[in-house]
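Protein chains in written order, with this note's numbering: chain A, 22 to 310; chain B, 61 to 420. The structure appears below as structure tokens.
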Amino acid sequence: MANFVQLVILGLLAGGVYVAVGVGFGLVWGVLNIVNLAHGGLVIVGGYITWQLFTALHLDPFLTLPVNAVALFVLGYALQRGVINRIIRAPLLFTFLLTFGLNLVIINILLLIFGSDFRSVTPTYSGQGLEFGSVVIPYVSLTSLGAALLLAAALAFILNRTRIGLAINAIAADRDAAQLVGIDLRHAYAVTFGLGAACAGVAGGLIAMIQAITPTAGEPYTLQAFVVVILGGLGRVSATVVGGLAFGLVEAFGQSIPGSGSVFANAIAFGLMVLVLVTRPQGLMGRLR
Amino acid sequence: MIATLDSNRRWRRAFLIVGGIIAAYALLAPLTSLDAAVSANVPLLADRLWFRIATYIAMFIVMATGWNIIGGITGYAAFGNVAFFGIGAYTTGMLIAKAKWPFLAALPFAPVVAALFAALVGLPLLRLRGHYFAVASLGVGVAVGELVQNIDYGGQPLFGGASGLFLPIDSIANRGLFFFYLMVAAAAISIAVTWWVLRSRFGYGLIAIRENEEAAAVLGVNTTAYKVAAFALAAALTGLAGGIFSQWNVFINQDNAFPIEYNVQMILMALLGGTGTVFGPAAGAILLQLLIQFLGGTLPISFDLPFVSETARPIVAQIILGLLLVGVVIFVPRGVIDFFGGRSRLSLSYLRRSLRETSL
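Put into structure tokens, the structure is as follows:
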């Protein structure tokens, strides 16, 4: 029983990272109709910013998260404004290839700067945790989950309570009508992608705390973000939160299967995704449109 | 109008002649490495290295042309076709290494197994559209490689596991030459199949699905059967290339039989040359593969990139490849065949028009 409780807790805690990775990816997909294959690359850029600030300035890694968000927002805004906007009306294959190419460039620039060594962020409290009998809750995971939920809440606030957020929602609902009422599409698109990139940057900071990172460490997260968004349902931040936590649980239980459960992580994730897509295409929390 | 038509025809003829000469040279030059030719003092026109590169090029022609059937003609952006390459490689590899079959008996099973697998996963996957299909197929590509590496049977890795699968070294005379011509034959088959598809009732059905799936269904096209058949046909061709690769390379593992980057490379090749055409993907494969090898520094004719150290070179090559990808997607979305041989020749207004069509 304690084992079961521990698995549920670990799953939910791991889900925090997936929430953070998923919300930005889901926003870009839902509004811009782009499956952003560079998401994992942006995530790892965030990871390296956190690592750099932690190593050089000895900042607490959680305090670096706002820096990640701002830096990645600027990068994302520039990418969308300068590059992606130019093919936004092309068939989906083109956005796929374009973002894949951007990912290749990002990863290899990181390789040039940082090399392929493993880097990890280990604050003094990293090995410790709360203990309830046999159940242990690591501080880092707990705070990560909190930070991820805070990120999702902040994103939901921006989308639902601010002027630019409402503009983004309007575009998602009907692009042409949004343009007719005077929304500057180029700017709003760039802000959307910037927000998605900012979320990726925060996610990268969280990831750097729980695993050692290399420039290619972001690859799996692109795929997992996709699964998370599918699982929850496209179009709402809250749905992605549910999807991320659910994915964390599935992963925790999948890895606990006796025999080499952990090596099948991708196979389990994709099996799950295909199952959801075929049986419940609108996602766990989605509404049919 | 007549003048432009005329000049178009002249351009097309010029390209055909130049292409024919290059193809003839590429096909015949390797023969000068035969013992008979060497003893007759024919100058050596192609060495082992060129064989290897040319065989790779032919392999990518097969993959890009195969992808074109599902991605270009049917319009389903398959992102996991490397799964079929790996399945073909492992089918042939297992039959040779474990069942001790001769290579030529094992080879036909590669396309068959790959096609059966494609039909099996295609039935649920091809119900998905757009992004959903693309990423689900990408997932299949990743998952199959992972399964092949990790499946155990009775405590033993079934397919050689993480250490890979070693095939017995064949005793084929002039093996470099043999595999080069075998791969070229596969490339010729794939191009011939595409040519046939584009002229058949089947191909018209696929194009109808690409243009408007609901309308195609209303017109009486059995869309599910057509899509699955196209997917299986693409898989069969890709699997054939994998089967040849396994014996050619003698060693296969997850890294060389399921390389994720092949997924994107074959699509980029088809896109570069022009999707939905017969020769486009092949032209794209030749161009891109030569460029990749050139940037990677494996071609005999090469150069030093300025300001780049020897160790950083592969990384810079990847960056250039990424920027190229971005550039192609933005500026020549209809492929280089269209760019050079189509309505408008090399001109700035062509680039500007492409940009205007797709940008915000």
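Beta carbons: idealized from backbone N, C-alpha and C, even for Gly.
**Prompt:** When Cβ atoms are compared, which residues of the stretch 94-117 of chain A fall closer than 7 Å to chain B?
**Reply:** V104, N106, R107, I108, I109, R110, A111, L113, L114, F115, F117
**Message:** Taking the beta strand (DSSP E) that L151 (chain A) belongs to, which residues open and close that run?
**Reply:** For the purposes of this step, residue 151 (chain A) is taken as residue 130 along the first sequence, with counting starting at 1. Where L151 (chain A) is concerned, the enclosing beta strand (DSSP E) stretches over 150-153.
**Request:** Would you kindly work out how many angstroms separate the C-alpha atoms of L91 (chain B) and L293 (chain A), rounded to a whole number?
**Result:** Walking along the second sequence from the start, residue 91 (chain B) turns up at place 31. Walking along the first sequence from the start, residue 293 (chain A) turns up at place 272. So the alpha carbons of these two residues sit roughly 52 Å apart.
**Asked** By the 10 Å Cβ neighbour count, where 16 or more other Cβ atoms means buried, how is W127 (chain B) classified, buried or exposed?
**Response** In the second sequence, counting from the first residue as 1, residue 127 (chain B) sits at position 67. The residue in question, W127 (chain B), is buried, as its Cβ has 16 or more Cβ neighbours within 10 Å.
**Item:** For L109 (chain B), the nearest candidate out of B:L237, B:L207, B:P217 (CA to CA)
**Value:** Translated into the one-based positions of the second sequence, residue 109 (chain B) becomes position 49. Closest by alpha carbon: B:L237.
**Prompt:** Could one say the Cβ of G36 (chain A) lies closer than 7 Å to chain B's Cβ atoms, at least one of them?
**Reply:** Stepping through the first sequence from its first residue, residue 36 (chain A) is reached at position 15. By this cut-off, G36 (chain A) is not an interface position.
**Residues of its chain near V142 (chain A), where Cβ-Cβ distance is below 7 Å and the 5 sequence neighbours each way are ignored** = Against the first sequence, residue 142 (chain A) aligns to sequence position 121. These residues qualify, in order along the chain: T71, W72, F75, P82, A229, M230.
**Request:** Give a yes or no on whether the minimum CB-CB distance between L216 (chain A) and chain B is below 7 Å.
**Result:** Along the first sequence, read from residue 1 onward, the residue named residue 216 (chain A) stands at position 195. No, L216 (chain A) lies away from the interface with chain B (no Cβ there is under 7 Å from its Cβ).
**Neighbourhood of F169 (chain B) by C-beta distance below 8 Å, restricted to the same chain and skipping five residues each side** = Translated into the one-based positions of the second sequence, residue 169 (chain B) becomes position 109. Correct list, in chain order: T151, T152, L155, G303.
**Request:** Report the residue from B:K287, B:L183, B:M326, B:W256 whose alpha carbon sits nearest the alpha carbon of V120 (chain B).
**Result:** Stepping through the second sequence from its first residue, residue 120 (chain B) is reached at position 60. It should be noted that the sequence gives Phe, not Val, for residue 120 (chain B). In this structure, B:M326 is the residue among B:K287, B:L183, B:M326, B:W256 with its C-alpha nearest to the C-alpha of F120 (chain B).
**Contact set between the stretch 367-382 of chain B and chain A, restricted to residues whose Cβ is under 7 Å from the partner** = A372, I375, Q378, I379, L381, G382
**Message:** Going by DSSP in three states, L225 (chain B) sits in which element: helix, strand or coil?
**Reply:** Numbered from its first residue, the second sequence carries residue 225 (chain B) at position 165. Strand.
**Request:** Would you mind giving the Cβ-Cβ distance between F163 (chain B) and A301 (chain B), rounded to the nearest angstrom? I have them listed as a contact below 8 Å.
**Result:** The sequence position of residue 163 (chain B) within the second sequence is 103, counting from 1. The sequence position of residue 301 (chain B) within the second sequence is 241, counting from 1. In fact, because the Cβ distance is near 15 Å, the residues do not count as touching under 8 Å.
**Message:** Please report the straight-line C-alpha distance between M6 (chain B) and E321 (chain B), rounded to a whole angstrom.
**Reply:** Nothing can be reported for residue 6 (chain B): it is not among the residues displayed for chain B, which extend from 61 to 420.
**Prompt:** Cβ atoms of V122 (chain B) and L247 (chain B): under 7 Å apart, would you say?
**Reply:** Position 187 of the second sequence holds residue 247 (chain B). Position 62 of the second sequence holds residue 122 (chain B). It should be noted that the sequence gives Ala, not Leu, for residue 247 (chain B). Contact: yes.
**Asked** Among residues of its own chain, excluding the 5 on either side of G311 (chain A), which ones have a beta-carbon nearer than 6 Å to its beta-carbon?
**Response** Because residue 311 (chain A) is not part of the residues shown, which for chain A are 22 to 310, the question remains open.
**Asked** Taking the alpha-carbon positions, what's the I185 (chain A) to L28 (chain A) distance?
**Response** In the first sequence, the residue the question calls residue 185 (chain A) occupies position 164. In the first sequence, the residue the question calls residue 28 (chain A) occupies position 7. Answer to the nearest angstrom: the Cα atoms are 40 Å apart.
**Prompt:** Closer than 7 Å, CB to CB, is A288 (chain A) near chain B or not?
**Reply:** By one-based count along the first sequence, residue 288 (chain A) stands at place 267. Chain B, which has a Cβ nearer than 7 Å to the Cβ of A288 (chain A), makes this yes.
**Prompt:** Could one say the Cβ of T418 (chain B) lies closer than 7 Å to chain A's Cβ atoms, at least one of them?
**Reply:** Position 358 of the second sequence, counted from the start, is the residue given in the question as residue 418 (chain B). It does; some Cβ of chain A falls within 7 Å.
**Request:** Quick one: measure Cβ to Cβ for A292 (chain B) and G182 (chain B), integer angstroms, because I've assumed they're closer than 8 Å.
**Result:** The residue you call residue 292 (chain B) lines up with position 232 of the second sequence. The residue you call residue 182 (chain B) lines up with position 122 of the second sequence. With a contact defined as Cβ atoms closer than 8 Å, A292 (chain B) and G182 (chain B) qualify at about 7 Å.
**Prompt:** According to DSSP, is P159 (chain A) helix, strand or coil?
**Reply:** Position 138 of the first sequence, counted from the first residue, corresponds to residue 159 (chain A). Residue state, collapsed to three classes: strand.
**Collapsed DSSP secondary structure at F311 (chain B) in the structure displayed** = For the purposes of this step, residue 311 (chain B) is taken as residue 251 along the second sequence, with counting starting at 1. Looking at F311 (chain B) - three-state DSSP - the assignment turns out to be strand.
**Spatial distance of A277 (chain B) from F117 (chain A) (CA atoms)** = Taking the first residue of the second sequence as position 1, residue 277 (chain B) is located at position 217. Taking the first residue of the first sequence as position 1, residue 117 (chain A) is located at position 96. Whole-angstrom Cα-Cα distance: 27 Å.
**Asked** Where I289 (chain A) and A233 (chain A) are concerned, what is the direct C-alpha to C-alpha distance, given to the nearest angstrom?
**Response** If you number the first sequence from 1, residue 289 (chain A) lands on position 268. If you number the first sequence from 1, residue 233 (chain A) lands on position 212. When rounded, the separation of the alpha-carbon atoms in I289 (chain A) and A233 (chain A) is 23 Å.
**Asked** Which residues in the same chain as F305 (chain B) place their Cβ atom closer than 7 Å to its Cβ, once the five residues preceding and following it in sequence are excluded?
**Response** By 1-based counting over the second sequence, the position of residue 305 (chain B) is 245. Cβ within range, chain order: M119, A149.
**Asked** Per DSSP, what kind of secondary structure is D212 (chain B) in: helix, strand or coil?
**Response** Position 152 of the second sequence, counting from 1, holds the residue named residue 212 (chain B). Strand, per DSSP.
**Request:** Check the Cβ of G220 (chain B) against every Cβ in chain A and list those closer than 8 Å, keeping chain order.
**Result:** As a first step, residue 220 (chain B) must be located in the second sequence, where it is residue number 160. What G220 (chain B) touches in chain A: nothing, since even the nearest Cβ is about 15 Å away.
**Message:** Given 6 Å as the limit, tell me if S231 (chain B) has its C-beta closer than that to any heavy atom belonging to the ligand GTP.
**Reply:** The ligand GTP is absent from the structure shown, which contains no ligands of any kind.
**Request:** Kindly indicate if chain A contains any beta-carbon less than 7 Å away from that of V386 (chain B).
**Result:** By 1-based counting over the second sequence, the position of residue 386 (chain B) is 326. Chain A contact via Cβ: present.
**Item:** Selected residue, minimal CA-CA separation from A174 (chain B), among B:G140, B:I113, B:Y136, B:Q349
**Value:** Here residue 174 (chain B) is taken as the residue at index 114 of the second sequence, counted from 1. The alpha carbon of A174 (chain B) has as its nearest neighbour, out of B:G140, B:I113, B:Y136, B:Q349, the alpha carbon of B:G140.
**Request:** Check P217 (chain B) in the structure and name its three-state DSSP category.
**Result:** To locate residue 217 (chain B), count along the second sequence from 1; it is residue 157. P217 (chain B): strand per DSSP, three-state reduction.
**Asked** R140 (chain A) bridges to which residues according to DSSP?
**Response** By one-based count along the first sequence, residue 140 (chain A) stands at place 119. Its beta-bridge partners are A:I234.
**Request:** Closer than 8 Å, Cβ to Cβ, to anything on chain A: give me those residues from the stretch 187-205 of chain B, in chain order.
**Result:** R187, L188, G190, H191, Y192, A194, V195, A196, L198, G199, V200, V202, A203
**Request:** Answer yes or no: does any C-beta atom of chain A fall closer than 7 Å to that of P184 (chain B)?
**Result:** Here residue 184 (chain B) refers to the residue found at position 124 when the second sequence is read from its first residue. Yes - at least one Cβ of chain A is within 7 Å of the one on P184 (chain B).
**Asked** In terms of residues, what are the limits of the alpha helix (DSSP H) holding T243 (chain A)?
**Response** Residue numbering aside, residue 243 (chain A) sits at position 222 when the first sequence is read from its first letter. Where T243 (chain A) is concerned, the enclosing alpha helix (DSSP H) stretches over 240-253.
**Contact set between the stretch 325-348 of chain B and chain A, restricted to residues whose Cβ is under 9 Å from the partner** = Cβ contacts with chain A: I327, L328, L331, T335.
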